[in-house]
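Protein chains in written order, with the UniProt record's numbering: chain A, 1 to 243; chain B, 1 to 234; chain R, 1 to 194.
Each residue gets a CB set at the ideal place from its N, CA and C atoms; glycine is no exception.
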Amino acid sequence: MLDIDSLTHRYGGEDDDGDAAVDDVSLTIPDGQFLVLCGPNGSGKSTLVRHLNGLLEPDAGRVLVNGTAAAEDPVAARTAVGMAFQEPRDQFVAATVGGDVAFGPENLGLSHDEIDRRVARALDAVGLNGRETDRIETLSGGERERLAVAGALAMEPDHLVLDEPFTGLDSPARKGLLDRLRDLHADGTGLIVVTHDLRDLLSDAERVVCLADGAVVVDTEPADAAAELEQYGVRVPDRRTTD
Amino acid sequence: MLGYEPGDTPAHRLDPRTKLAVQLCFAVAAFAHTGPRGLLVLTGVTALALASARLSPVSVLWDYRFLLPLLAAAVLFELVTLGPPWVDPAAAVDPLLASYRTLLIVAVAAGYVRTTPARESRAAVQWAIPGKAGRLLGAGVGLVFRFLPLLRRDLAAIRDAETARLGDQRPTRERLATVGAAGLRRAFARADRLSTALSARCFSWNGTLPRIRFGVVDAPALMLAAGLAVTAVV
Amino acid sequence: MSTATDSVDLVGDDVVGNLVRAALLAALMGAFAFVSFPNPLNPAVPVTAQVLGVFLAGIYLGPAWGGFAMALYVLAGVLGAPVFSGASAGLGQLFGPTGGYLLSYPFAAALIGALIHGTDGLADPESVSLPRLVAAMAAGTVVIYGFGIPVYWYYLDTNLVAAVVGAGLAFVPAELVKMAAAVGIVRSEEVQAT
């Protein structure tokens, strides 16, 4: 269970593309929920999710992960909330697929047998089973995104956060990733997908939260979302389907 | 270009620490015995090292060909004198032997480069340097291996973009500055994303070390290393 | 979660950030080995940007992490990453004609960093005066040749004059070009220091 309580985050003037402030946001996300977090560029989506596992410290308010403040026990928060960021290419630490997925479990000091088991399971979950010794440079864009997901899954998290996972993927790759996400959700992993583009996601998500200027402006079920979202610059299916 | 390639040669099966010990002891022995007889014996050891990695001496020499002018220059400087007798072959003997010694050490090291993946090297670093320093060096070495190809592609793309707009007409100083600045900017942008990703995956001081383990094949190689070390001191 | 999280000793964000920047700067220096430009003073010896990496390490990472970045560069090259000149690698390079230069880089970068930033905290490179920047790089270059020439002399068993000419003088003009380029980078305002 993730409990975001009056969270505020300010940046000291140095606003990069994704780094926007968050202003007094409260949300409760139960285990196993498939949530889509949307909003235009600069609305604070990336900042918000970085608080979920203690990568940022709140200026005010707090984030409780399973009852403990993320900022106080970052290890617990980071094992409970796995993250795959934008630009997966820049997140890999090893030259091979298996070496990279092992990185997280190694940091937890697990035994080699346990690490091997987790690597195999994580790769299996994203459809990269048996690819342990492949070099990362040889992977396609869709495979790289799925590898980033596997790297997070190897921590065996309760929730998985994906920051703009579909950016730059062609339609078969999008579908491949989406199928894997459905399976993960069916197995009980909570999903939080950050996007400014709702294509493909509305039929599967259970909840849609939309941020604008660092505040929650929409929090609803997908069926009701479409009508409200367009005014906040979010791409909704069936209205505009091409780039 | 010489680099790691997966394989099943005897050298691939050696523990990385064994291979590092052989190289170091070989270099020490080569400096101790730079006479013709010593170098003859060490040539035999080099041939053995290359054979165990299934590397051909010719391909190694080709990969390190840029060294040859530097070595040849050293020999020529001694061979040619600025007055009579103009050519002094006796003076050139020492640099010639020293240049040959360099090539032998480089060739033995090439065997390591070809047969040892980054992951094993990283583990050897953390084994040799315990504690936080070893953790930082080991992780850092792994990241250099991982990001070198990406940054090489960044620089190539930057140069292409520059050339496409006739940037190659500019003076070298300016071209170095533009390529350097753009390369540094990309490298730091990648670094910022990578640091976040490392933290998100609990980058820790006390993680599990990658598996490395001495096996039966290491015994003869370690004996060779010990033998080389002994010859250096007697 | 089954994992006992109490025993995991996380590396602090500052250290992670510095480690990653140092590693990427070392990799960038390796990538520079592939980029050569015509040498305005001596067309026979093309300029590669590698020593520029030593300057940038000291300037942007400071004495400790700049020196560490160069140690990573040398270590990764010894362990097989193709980062040395001609995209080569291996322990043999340390015992080759350019071995002294490689060994000097961590010291040179640390010295440049110390002269520019002092020993407590980093200054913004853009705010450093031009004479200080140039003096620091000149001192670093002295360290590089201070290692490079004697080691060349010792390894190759030549006389000292041959070593100075063969390993030193042929390259010094190109270093001036690289210093000018480093100044250009610092002044370009394109690179965020922190």
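By the three-class DSSP mapping on this structure, what secondary structure does B/Ser-56 have? coil
Which residue wins for smallest C-alpha separation from B/Gln-23, given the options B/Val-113, B/His-33, B/Gly-3? B/Val-113
Taking only beta carbons into account, state which residues of the region 167 to 193 of chain A come closer than 7 Å to chain B, listed in chain order. none
Let me check one thing: in DSSP terms, what residues is B/Phe-188 bridge-paired to? DSSP lists no partner for B/Phe-188.
Are any of the Cβ atoms in chain A nearer than 9 Å to that of B/Gly-138? no
Using the C-alpha atoms, what's the distance from R/Ala-76 back to R/Tyr-152? 22 Å
Taking CB distances under 9 Å as the criterion, tell me whether A/Leu-108 reaches chain R. yes
Do B/Ala-110 and B/Ala-53 count as a contact pair if the criterion is CB distance below 9 Å? yes
Quick check: the Cα distance between A/Gly-168 and A/Gly-141, rounded to an integer number of angstroms? 8 Å
Mind checking if A/Asn-53 is an interface residue toward chain C, Cβ cutoff 9 Å exclusive? Note that chain C does not occur in the displayed structure, where the protein chains are A, B and R.
Use the C-beta contact count for B/Met-223: other C-beta atoms within 10 angstroms, 16 or more gives buried, fewer gives exposed. exposed
Compare the C-beta of A/His-159 with all C-beta atoms of chain B and state if any pair is closer than 9 Å. no
For B/Thr-9, the three-state DSSP class (helix, strand or coil): coil
What distance in whole Å lies between the Cβ atoms of A/Ala-80 and A/Val-65, which are believed to be in contact at a cut-off of 8 Å? 5 Å
Quick check on the burial criterion: 16 or more other C-beta atoms within 10 angstroms. Buried or exposed for B/Val-233? exposed
Taking Cβ positions only, does A/Met-1 come closer than 9 Å to chain B? no
Is the number of C-beta pairs between the region 51 to 62 of chain A and the region 213 to 226 of chain A that are closer than 8 Å three or more? no
Determine, using beta-carbon pairs with one atom in the region 86 to 93 of chain A and one in the region 188 to 203 of chain B, whether at least three such pairs fall under 8 Å. yes
Indicate whether at least one CB of chain A lies closer than 9 Å to the CB of B/Ser-199. yes
Inter-residue Cα distance where the pair is B/Pro-130 and R/Val-11: 16 Å
Consult DSSP for A/Met-83 and reduce its assignment to one of helix, strand or coil. strand
What would DSSP say about A/Arg-78, mapped onto helix, strand or coil? helix
Distance check for B/Arg-165 and B/Glu-78, CA to CA, integer angstroms please. 47 Å
Best match in R/Gly-121, R/Gly-53, R/Val-16 for proximity to R/Met-179 [C-alpha to C-alpha]: R/Gly-53
Mapping DSSP to helix, strand and coil, what is A/Ser-111? coil
List the residues of chain B whose Cβ lies closer than 9 Å to the Cβ of A/Val-65, in chain order. In chain order: nothing, as chain B lies at least about 13 Å away.
Mind checking the region 29 to 63 of chain B against chain R and listing, in chain order, the residues whose C-beta falls within less than 9 Å of any C-beta there? Ala-30, Phe-31, Thr-34, Asp-63
Any C-beta of chain A sitting closer than 9 Å to the C-beta of R/Leu-75? no
Endpoints, beta strand (DSSP E) assigned at R/Phe-107: Careful: R/Phe-107 lies outside any beta strand (DSSP E), inside the alpha helix (DSSP H) at 99 to 117.
Taking the alpha helix (DSSP H) that R/Thr-141 falls in, what are its first and last residues? 130 to 156
Quick check on R/Phe-84: does DSSP put it in helix, strand or coil? strand
Compare the C-beta of A/Gly-141 with all C-beta atoms of chain B and state if any pair is closer than 9 Å. no
Taking R/Val-183 as part of the alpha helix (DSSP H), name the residues at either end of that continuous run. 172 to 187
Start-to-end residues for the beta strand (DSSP E) that takes in A/Gly-190: 190 to 195
Excluding sequence positions up to five away, which residues of its chain have a Cβ less than 6 Å from the Cβ of residue 237 of chain B? Only positions 1 to 234 of chain B appear in the structure, and residue 237 of chain B is not among them; the question remains open.
So B/Ala-74 and R/Thr-158 are supposed to be a Cβ contact under 8 Å. How far apart are they, rounded? 5 Å
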